[in-house]
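Numbering (this note's numbering), first residue to last: 956 to 1256.
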């Protein structure tokens, strides 16, 4: 699993940070999460292959999370993309984008499918090979969702030497993969580690976009490998955070701690913070394994 931050600023681009956009590679799938202004420029700069993006997830219809969409689609069309593209977002997103696509992308060579999000309860969005994607309703000034990407549990691999040593049949292999014990010719149970190589523990990523502090989110993302949580302000501006329905760095850390995640990264910073050390330090007081991201930040699990 690899996450690349294309932009981590809030509201508007600055000279050193772009609006929200991330590339997630998980189990061989490539997803774009949000698509703020300048996303395709950042993708070029960071050598991201436009054609590998299978789906785009738009958390909500604020410009800093979607102004880059039509430009990216236009470029994909000019590059003669042929593979279908799925865009998950607000039901009105298609209504807004279709006229732009018709106007700017004449004879687009690939199919675009739009899938509307729900905002009343979590929703399974996609189940592709080895990966499950769910949405989580958040609480912001407009309808907003977060997303959770989870690898599915994989079957263990049967050791080749065990097949030869015990003459395992296909039925034996299926039985062993399903967790049943295996007995040798003498009727003695064979240790499981002698028969299989267990698959690595599944990885997971949660993206919590713009939201006011929402403690019940923790139960929806419990135990994820990596959590991104917006942290627009420091606690000294908690009243402003509440008014604008955003979170502070401390609140992001409280969610990470309650959800028992492995690692927390924070972003979507207000332009008033040229440096993000203070936001990172505030979160680390609650959840030590916290990193404030920056444009070009990459993490690999």
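Every residue, glycine too, gets a C-beta built ideally from N, C-alpha and C.
All of these numbers come straight from a predicted model, not from anything done at the bench.
Given this structure, state the Cα-to-Cα distance separating residue i from residue j, to the nearest angstrom.
i	j	result
residue 1006	residue 1038	8 Å
residue 1116	residue 1215	39 Å
residue 1145	residue 1135	11 Å
residue 1042	residue 1173	26 Å
residue 1069	residue 1211	31 Å
residue 1105	residue 1057	35 Å
residue 1243	residue 1236	9 Å
residue 1114	residue 1139	15 Å
residue 968	residue 1229	12 Å
residue 1076	residue 1197	22 Å
residue 957	residue 1133	30 Å
residue 1248	residue 1233	13 Å
residue 1218	residue 1120	42 Å
residue 1003	residue 1023	15 Å
residue 1054	residue 1021	16 Å
residue 1131	residue 1143	15 Å
residue 1046	residue 1213	32 Å
residue 1059	residue 989	21 Å
residue 1009	residue 970	30 Å
residue 1078	residue 1195	30 Å
residue 1192	residue 975	21 Å
residue 1092	residue 1126	44 Å
residue 1048	residue 1227	30 Å
residue 1239	residue 1083	35 Å
residue 1153	residue 1074	38 Å
residue 977	residue 1019	13 Å
residue 1177	residue 1071	25 Å
residue 1246	residue 1088	24 Å
residue 1110	residue 1034	38 Å
residue 997	residue 1150	47 Å
residue 1162	residue 966	18 Å
residue 1208	residue 1123	50 Å
residue 1000	residue 987	16 Å
Does DSSP classify residue i as helix, strand or coil?
i	result
residue 1066	coil
residue 1196	helix
residue 1162	strand
residue 1233	helix
residue 916	Nothing about residue 916 can be read from this structure; the chain reaches only from 956 to 1256.
residue 967	coil
residue 1094	coil
residue 1129	helix
residue 1089	strand
residue 1172	helix
residue 974	strand
residue 961	strand
residue 985	strand
residue 1224	strand
residue 996	helix
Please report the residue range of the alpha helix (DSSP H) in which residue i lies.
i	result
residue 1153	Premise fails: residue 1153 is in no alpha helix (DSSP H) and is neither H nor E.
residue 1119	1115 to 1121
residue 1049	1046 to 1059
residue 1212	1204 to 1214
If you follow the beta strand (DSSP E) that residue i is part of, which residue opens it and which one closes it?
i	result
residue 1100	1100 to 1106
residue 1142	Careful: residue 1142 lies outside any beta strand (DSSP E) and carries neither H nor E.
residue 1078	1078 to 1083
residue 1245	1245 to 1247
residue 1185	1181 to 1185
- [ ] Could you say if the stretch 1097 to 1111 and the stretch 1011 to 1028 meet the contact criterion of at least three C-beta pairs nearer than 8 Å?
- [x] yes
Task: the stretch 1020 to 1029 touching the stretch 1057 to 1073, judged by at least three CB pairs closer than 8 Å - done: yes
Task: At least three beta-carbon pairs within less than 8 Å, the stretch 979 to 993 to the stretch 957 to 967 - done: yes
- [ ] For the stretch 1221 to 1229 and the stretch 1166 to 1186, state whether three or more C-beta atom pairs, one from each stretch, are separated by less than 8 Å.
- [x] yes
Open item on the list: When you compare the stretch 1158 to 1170 with the stretch 1193 to 1213, are there three or more beta-carbon pairs, one atom per stretch, that lie closer than 8 Å?
Closed with: yes
Open item on the list: Three or more C-beta pairs under 8 Å: does that hold for the stretch 965 to 985 against the stretch 1150 to 1162?
Closed with: yes
- [ ] Return the chain-ordered ranges of every alpha helix (DSSP H) run that is complete within the stretch 999 to 1049 and spans a minimum of 4 residues.
- [x] 1024 to 1033
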